[in-house]
Amino acid sequence: MPHKHNTKKRHHIPKAKYTITNWSQYEAGLKQRGSLALWFIPEAITHRKAAVRTSPGEQPRYSDLAIQTCLMLRTAFSIPLRQTECMMPSVFSIMAVSLSVPDHTTVSRRVVRLPPLPRISAEGAAHILIDHYWAKGLWRGQWLEDKHGAKSR
């Protein structure tokens, strides 16, 4: 039995198909959605290059700190990696530092090797501290978890 009566006689308007033909402009539009002011410890800027690898393959351009920084910004603001990729140059322009930014595909590939990020609460402000060793997110009640191992209410 058909889903609707007289389906063969009913007027059917086909659904329009929207395909993206200009991917470069589409991605550029997605990247233009964010801006942020963020301060780094000066040693973090000098440690943005990855260590030399002895195994076969191309040398990594970005350290785990650079990838972790992008992921922390993504988590703190709940934005995709493309917007995070656009946010980082605005951070560097405010700081008057000329550093290269990892591509969103590079970040998504390298995230597999990094430890998982902590969950950031939607309540209150989230702060991202970036020193020369690691990027760490701090949010309301997180100090209690670090100090006592207990969950905040």
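The opening position of the sequence shown corresponds to residue 1 in UniProt numbering, with each subsequent residue numbered one higher.
For every residue, glycine included, the Cβ atom is placed at its ideal position computed from N, Cα and C.
Since we're looking at a predicted model, the values are computed, not measured.
State buried or exposed for residue i, treating a residue as buried only when at least 16 other CB atoms are found within 10 Å of its CB.
{"i": "L114", "result": "exposed"}
{"i": "Y18", "result": "exposed"}
{"i": "E58", "result": "exposed"}
{"i": "V97", "result": "exposed"}
{"i": "T54", "result": "exposed"}
Rounding to the nearest angstrom, what Cα-Cα distance links residue i and residue j in this structure?
{"i": "N22", "j": "V111", "result": "28 Å"}
{"i": "T106", "j": "P14", "result": "39 Å"}
{"i": "A76", "j": "F92", "result": "18 Å"}
{"i": "I79", "j": "S100", "result": "20 Å"}
{"i": "R82", "j": "V52", "result": "27 Å"}
{"i": "L73", "j": "A16", "result": "36 Å"}
{"i": "N6", "j": "H12", "result": "12 Å"}
{"i": "residue 155", "j": "R10", "result": "Because residue 155 is not part of the residues shown, which for the chain are 1 to 153, the question remains open."}
{"i": "S90", "j": "R109", "result": "23 Å"}
{"i": "Y62", "j": "A28", "result": "22 Å"}
{"i": "P56", "j": "A50", "result": "15 Å"}
Using C-beta distances below 6 Å, list every residue in its chain close to residue i, excluding the 5 sequence neighbours before and after it, in chain order.
{"i": "Y26", "result": "I20"}
{"i": "S24", "result": "none"}
{"i": "M88", "result": "V101"}
{"i": "K8", "result": "none"}
Excluding the five sequence neighbours on either side, which residues of its own chain have a C-beta within less than 7 Å of the C-beta of residue i, listed in chain order?
{"i": "P116", "result": "none"}
{"i": "D64", "result": "L114"}
If you drop the 5 nearest sequence neighbours on each side, which residues of the same chain put their C-beta closer than 8 Å to that of residue i?
{"i": "E85", "result": "K31, C70, V101, P102, D103, H104 and V107"}
{"i": "G34", "result": "Low confidence applies here, because G34 scores a pLDDT of 47, under 50, leaving its location unreliable; read the following figure in that light. Only F77, I79, Q83, T84, C86, M87 and S90 meet the Cβ criterion."}
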